[in-house]
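Each protein sequence line maps, in turn, to chains A, B, C and D. With full-length UniProt numbering, the residue at position 10 of the first sequence is 10, and numbering never jumps. With full-length UniProt numbering, the residue at position 57 of the second sequence is 57, and numbering never jumps. With full-length UniProt numbering, the residue at position 138 of the third sequence is 138, and numbering never jumps. With full-length UniProt numbering, the residue at position 111 of the fourth sequence is 111, and numbering never jumps. Ideal Cβ placement from N, Cα and C applies to all residues, glycine included. Note that this is a predicted model, so its numbers are computed, not measured. Accompanying notes for the structure given below.
Protein chains: 4
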Amino acid sequence: MPPTPPAHPQRRTGRPRSAEADRAILDATREALVELGYGGLTLGDVAARAGVAKTTLYRRWAGKNELVVDALAALFDEHLELPDRGSLRADIEGVVLRFAAVLDRPETRTSLMAVVAEAGHDAALRERIRAAIVDRQKHLVLLGRARAQRRGELPDGDGAADPARDDLIFDVVAGAVVHRVMVSSEPVDPEWADRLARLLVGGLTAAPDC
Amino acid sequence: MPPTPPAHPQRRTGRPRSAEADRAILDATREALVELGYGGLTLGDVAARAGVAKTTLYRRWAGKNELVVDALAALFDEHLELPDRGSLRADIEGVVLRFAAVLDRPETRTSLMAVVAEAGHDAALRERIRAAIVDRQKHLVLLGRARAQRRGELPDGDGAADPARDDLIFDVVAGAVVHRVMVSSEPVDPEWADRLARLLVGGLTAAPDC
Amino acid sequence: MPPTPPAHPQRRTGRPRSAEADRAILDATREALVELGYGGLTLGDVAARAGVAKTTLYRRWAGKNELVVDALAALFDEHLELPDRGSLRADIEGVVLRFAAVLDRPETRTSLMAVVAEAGHDAALRERIRAAIVDRQKHLVLLGRARAQRRGELPDGDGAADPARDDLIFDVVAGAVVHRVMVSSEPVDPEWADRLARLLVGGLTAAPDC
Amino acid sequence: MPPTPPAHPQRRTGRPRSAEADRAILDATREALVELGYGGLTLGDVAARAGVAKTTLYRRWAGKNELVVDALAALFDEHLELPDRGSLRADIEGVVLRFAAVLDRPETRTSLMAVVAEAGHDAALRERIRAAIVDRQKHLVLLGRARAQRRGELPDGDGAADPARDDLIFDVVAGAVVHRVMVSSEPVDPEWADRLARLLVGGLTAAPDC
DNA sequence: CCTTAAACGAGACGGTACGTCGCGTCTTTCA
DNA sequence: TGAAAGACGCGACGTACCGTCTCGTTTAAGG
Numbered sequence: 001m002p003p004t005p006p007a008h009p010q011r012r013t014g015r016p017r018s019a020e021a022d023r024a025i026l027d028a029t030r031e032a033l034v035e036l037g038y039g040g041l042t043l044g045d046v047a048a049r050a051g052v053a054k055t056t057l058y059r060r061w062a063g064k065n066e067l068v069v070d071a072l073a074a075l076f077d078e079h080l081e082l083p084d085r086g087s088l089r090a091d092i093e094g095v096v097l098r099f100a101a102v103l104d105r106p107e108t109r110t111s112l113m114a115v116v117a118e119a120g121h122d123a124a125l126r127e128r129i130r131a132a133i134v135d136r137q138k139h140l141v142l143l144g145r146a147r148a149q150r151r152g153e154l155p156d157g158d159g160a161a162d163p164a165r166d167d168l169i170f171d172v173v174a175g176a177v178v179h180r181v182m183v184s185s186e187p188v189d190p191e192w193a194d195r196l197a198r199l200l201v202g203g204l205t206a207a208p209d210c
Numbered sequence: 001m002p003p004t005p006p007a008h009p010q011r012r013t014g015r016p017r018s019a020e021a022d023r024a025i026l027d028a029t030r031e032a033l034v035e036l037g038y039g040g041l042t043l044g045d046v047a048a049r050a051g052v053a054k055t056t057l058y059r060r061w062a063g064k065n066e067l068v069v070d071a072l073a074a075l076f077d078e079h080l081e082l083p084d085r086g087s088l089r090a091d092i093e094g095v096v097l098r099f100a101a102v103l104d105r106p107e108t109r110t111s112l113m114a115v116v117a118e119a120g121h122d123a124a125l126r127e128r129i130r131a132a133i134v135d136r137q138k139h140l141v142l143l144g145r146a147r148a149q150r151r152g153e154l155p156d157g158d159g160a161a162d163p164a165r166d167d168l169i170f171d172v173v174a175g176a177v178v179h180r181v182m183v184s185s186e187p188v189d190p191e192w193a194d195r196l197a198r199l200l201v202g203g204l205t206a207a208p209d210c
Numbered sequence: 001m002p003p004t005p006p007a008h009p010q011r012r013t014g015r016p017r018s019a020e021a022d023r024a025i026l027d028a029t030r031e032a033l034v035e036l037g038y039g040g041l042t043l044g045d046v047a048a049r050a051g052v053a054k055t056t057l058y059r060r061w062a063g064k065n066e067l068v069v070d071a072l073a074a075l076f077d078e079h080l081e082l083p084d085r086g087s088l089r090a091d092i093e094g095v096v097l098r099f100a101a102v103l104d105r106p107e108t109r110t111s112l113m114a115v116v117a118e119a120g121h122d123a124a125l126r127e128r129i130r131a132a133i134v135d136r137q138k139h140l141v142l143l144g145r146a147r148a149q150r151r152g153e154l155p156d157g158d159g160a161a162d163p164a165r166d167d168l169i170f171d172v173v174a175g176a177v178v179h180r181v182m183v184s185s186e187p188v189d190p191e192w193a194d195r196l197a198r199l200l201v202g203g204l205t206a207a208p209d210c
Numbered sequence: 001m002p003p004t005p006p007a008h009p010q011r012r013t014g015r016p017r018s019a020e021a022d023r024a025i026l027d028a029t030r031e032a033l034v035e036l037g038y039g040g041l042t043l044g045d046v047a048a049r050a051g052v053a054k055t056t057l058y059r060r061w062a063g064k065n066e067l068v069v070d071a072l073a074a075l076f077d078e079h080l081e082l083p084d085r086g087s088l089r090a091d092i093e094g095v096v097l098r099f100a101a102v103l104d105r106p107e108t109r110t111s112l113m114a115v116v117a118e119a120g121h122d123a124a125l126r127e128r129i130r131a132a133i134v135d136r137q138k139h140l141v142l143l144g145r146a147r148a149q150r151r152g153e154l155p156d157g158d159g160a161a162d163p164a165r166d167d168l169i170f171d172v173v174a175g176a177v178v179h180r181v182m183v184s185s186e187p188v189d190p191e192w193a194d195r196l197a198r199l200l201v202g203g204l205t206a207a208p209d210c
């Protein structure tokens, strides 16, 4: 995950950037997020934890937001996948629980919403979040839908592929979990996940053209 | 919306607090949020815009978060209500569109997620957000459900009142809209709102015990 | 010695600047000059020594140079005067020794030349040095000359007052001492001071129109 | 003027140091001094101007001070000499004007006093300045005194050679000019130089034992 | 010719200080 | 006694240079 690349991409001369520093910085960022949260995180502190000079950090990341997005992306990469549990309903329940578990980590609790907030008036950041985090989550929806169609749980064939519906399902699933965890501050337990899965499967079955 | 009350409420001597100052401060806060976003907003700037001394501001609010929550609460109060459109599906579509319109305002785009993020490690702030913003939104769900039961669109009677299901529906609706607007950055237009409404009505009908 | 005054001079409201801070800062500056020299002096360190925030220091002085000039000025004020020793030659010897003693202090050794160097491309600083340090030294020359005329050691009367000659004598005396101490790094002892005094008195007598 | 020599002098293998680089660096230093002054001069900038890597510069000079001293020494070498104008008084006037002209150059105005200041707490630098700059100036005094004795303007013979008096005269002449140019910021014109010369010749004649 | 060894450019690195900004508190004067 | 004005201690900001360190690339002299 090389962050902001050097200005002159395929440089050949000069001392190369330390790959170890990248790792140390991202690890330190996660550690600091756990202890201090997004608001309390300072780049100077991250640099100190990583055993790295502040300038080294600024050479690679434009600011706090970019750094945190990359650190979060690593977190999501580590923990998000779609286990095959045999049915659409079970798959939904499974991914909801995993997603909630990631959101409930202390690194994520405060920082994910914070960078989303900043992205509200920073298009470049929005794009970075989409590429590094959101699109990989959305991929799970596509994967789950295709699997369900293969299983015959959802209609397959002409016109059954509807990107707009994929988007809808993604916003509903991800949004519901995020809202439950971040705003309502209620637990995402198997029961809640099961209710959500049943609501969605019911809706998709009853209104396949939604 | 009188903010933090004076320490000695029943004091009657001395110069009374200016009610006009409260209004000016909240207006200035919204204005500053529009121009600078949550991260760029500074209390000194708000005080200057409001034509008020910084001390006056600190006497009434504990900090940036509390101030922004109150400013947002005023915004939601102004714009959120549940018009009776004759059917559950139409009611959902209507409230979704109104909710999205509020979220899409520049004041809201950056600051709502920011205070939610801060609430991630500040229980008092979480409670303030719930009381000032979330509970009033959730009230719409209760209202809409009751209306649909009265209309006969949803089963009524013994065991039909399920607070956990109300919570689920609320997280799904609010979460989907917030995610669509804030994270996916896609428009919430009538078509999308209609799809969401059909999905939900279908789900509630097919899986009434969800 | 109030340094840079507030922007709005005759302000009446607001908390007034702490006079004690001024003193503490100038004292800390002298202390730091002794220990670290001009080049090693940092404003952050001065602020810390003075028990004052960096911002307080920057509110009063534009930078290192201005601060050091004011600190030096206080030093010269404390130690420079012209004792009446009964003859022009003895007066010169006396003032030379005193002047050399001030220059030889560790505060002065490195910092006086440093600010003079900076003044080489900073007219405002040049003026500040002139007003705070040089003009007060030059006053001693005028005083000594007048005294010598009163005593009859130098011609008095029409045309005997020649500002250009006062300037010359000042540059010769001050320059010789500074050069001896700073550049040649040789001691200014009574013998050297006596030789200089005899050279000057001889010159003034032999070439009164110089 | 080869600066710091390689560590292993009698090495014969390996790429030899570029003589051109030395020149380019010193030229760049003078250019940067003119534009930025001593305080604003940075070694990175000098290296860039010289078209040379920073390492090359640091391989040859220990730091800013040493570099500037060498650059100044070259300047003095170019411009200082003692023309024979036929009389002591005219010789003094001549050398004073030349000296002042060098001091008044922009390279010299800020940097000479700056390195003298640094030398105030750096004995090695003091020695380098003495060897590279001061002693060559002082040589002019010895030369001028000898010439005046040959001409019979000053007493010659037993005890007429007094190193302490040479030192005194040097400090007086050099100090007066430096002070006039650097501190008083007044022009050293022929009239002033003539007054100084008359004062000195008068003093030396009236007080030969000074 | 071909090795060897140093000098060279480029630029990343750990540091330190910079001067600024916002915080939340305090001390004034004014109404 | 509340409010305005603004100074205050504090701490983080992002930048600029410092002097050192790797790199890969010349460039001579010596084998």
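Between residue i and residue j, what straight-line distance do the alpha-carbon atoms span, to the nearest angstrom?
i: residue 108(A); j: residue 55(C); result: 36 Å
i: residue 53(D); j: residue 47(D); result: 6 Å
i: residue 144(D); j: residue 14(A); result: 55 Å
i: residue 164(A); j: residue 208(B); result: 26 Å
i: residue 6(C); j: residue 18(C); result: 12 Å
i: residue 97(B); j: residue 190(B); result: 7 Å
i: residue 126(A); j: residue 20(B); result: 38 Å
i: residue 118(D); j: residue 110(C); result: 6 Å
i: residue 93(D); j: residue 137(D); result: 15 Å
i: residue 166(A); j: residue 122(A); result: 26 Å
i: residue 152(C); j: residue 196(C); result: 21 Å
i: residue 29(A); j: residue 124(D); result: 46 Å
i: residue 170(D); j: residue 42(D); result: 33 Å
i: residue 210(D); j: residue 3(D); result: 40 Å
i: residue 135(B); j: residue 66(C); result: 59 Å
i: residue 205(C); j: residue 154(C); result: 7 Å
Counting only beta-carbon separations shorter than 8 Å, does residue i have a partner in chain A?
i: residue 185(B); result: yes
i: residue 10(B); result: Because the pLDDT at residue 10(B) is just 43, under 50, the model does not fix this residue reliably, and the point stays unresolved.
i: residue 58(B); result: no
i: residue 6(B); result: Caution applies to residue 6(B), whose pLDDT of 49 falls short of 50 and renders its modelled position unreliable; the model cannot decide the point.
i: residue 192(B); result: yes
i: residue 2(B); result: Any reading at residue 2(B) must be qualified, since the residue scores a pLDDT of 49, below 50, and its modelled position is unreliable; the value itself is stated next. It does not: the Cβ of residue 2(B) has no partner Cβ on chain A nearer than 8 Å.
Is the beta carbon of residue j closer than 8 Å to that of residue i?
i: residue 129(A); j: residue 116(A); result: yes
i: residue 32(A); j: residue 51(A); result: no
i: residue 199(D); j: residue 168(C); result: yes
i: residue 175(C); j: residue 203(D); result: no
i: residue 69(A); j: residue 132(A); result: yes
i: residue 84(C); j: residue 147(C); result: yes
i: residue 88(D); j: residue 201(D); result: yes
i: residue 72(C); j: residue 182(C); result: no
i: residue 38(D); j: residue 114(D); result: yes
i: residue 188(C); j: residue 106(C); result: no
i: residue 91(D); j: residue 80(D); result: no
i: residue 60(D); j: residue 27(D); result: no
Does residue i come within less than 8 Å of chain D when only Cβ atoms are used?
i: residue 118(C); result: yes
i: residue 198(C); result: yes
i: residue 154(C); result: no
Residue i CB to nearest chain B CB: under 8 Å?
i: residue 114(A); result: yes
Could you give the uninterrupted runs of the alpha helix (DSSP H) lying entirely in the region 89–159 of chain A, keeping only those of 4 residues or more?
106–119, 123–129 and 135–151
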